[in-house]
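Engineer: Supplied in structure tokens, the structure appears directly below.
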Amino acid sequence: MNLKYLEGKKFCVVFVKQADENDPDSQISMKCLHGRANIDRHGKLNVEGPEFSFPVPATASKRIMPSDGTPMLKDAEYFVMCKVSGMDL
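Residue numbers (the working numbering): 9 to 97.
Rendered as structure tokens:
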């Protein structure tokens, strides 16, 4: 998948965690990471900020969407939601 169109765009990674992964009705929590998209020489997406660089999993590439104006996305032009486990949000 060619992600070059994202280069330099304001980007938000939304980390989503379910309180109990065995209970689909359990509470979810979300946390956002805001930065700029950087496509490396191998075509992989990283979201970068002044003090971080986060490699977006290749499995999430198909779920990248343009921002829909949701307040938690702030001024991001694009976003992706990543399900996480074993990580404090």
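For every residue, glycine included, the Cβ atom is placed at its ideal position computed from N, Cα and C. Only a predicted model underlies this, so the values are computations on that prediction, with no experimental measurement involved.
#1: Would you give the residue range spanned by the beta strand (DSSP E) that Gln26 belongs to?
#2: For Ser37, which of helix, strand or coil comes out of DSSP?
#3: Taking the Cβ atom as the reference point for each residue, do Ala84 and Ser93 lie within a distance shorter than 7 Å?
#4: Can you grab the Cα-Cα spacing for the pair Ser61 / Met95, in whole Å?
#5: Could you check how far apart the C-beta atoms of Phe19 and Gly43 are, in whole angstroms? I think they sit under 8 Å.
#6: So what's Arg49 in DSSP terms, helix, strand or just coil?
#7: What does DSSP give as the partner residues of Lys91 in its beta bridges?
#8: Using the Cβ count rule (16 or more neighbours within 10 Å means buried), how would you classify Tyr13?
#9: Are Ser34 and Leu97 closer than 7 Å when you measure CB to CB?
Structural biologist: The short version:
#1: Unbroken beta strand (DSSP E) run through Gln26: 18 to 26.
#2: Note: Ser37 maps to strand in three-state DSSP.
#3: No.
#4: CA-to-CA, the gap between Ser61 and Met95 works out to about 17 Å.
#5: Confirmed, Cβ separation roughly 6 Å.
#6: Three-state DSSP puts Arg49 in coil, outside helix and strand.
#7: Lys91 pairs with Val24.
#8: Answer is exposed; the Cβ neighbour count stays below 16.
#9: Not a contact, by the Cβ cut-off of 7 Å.
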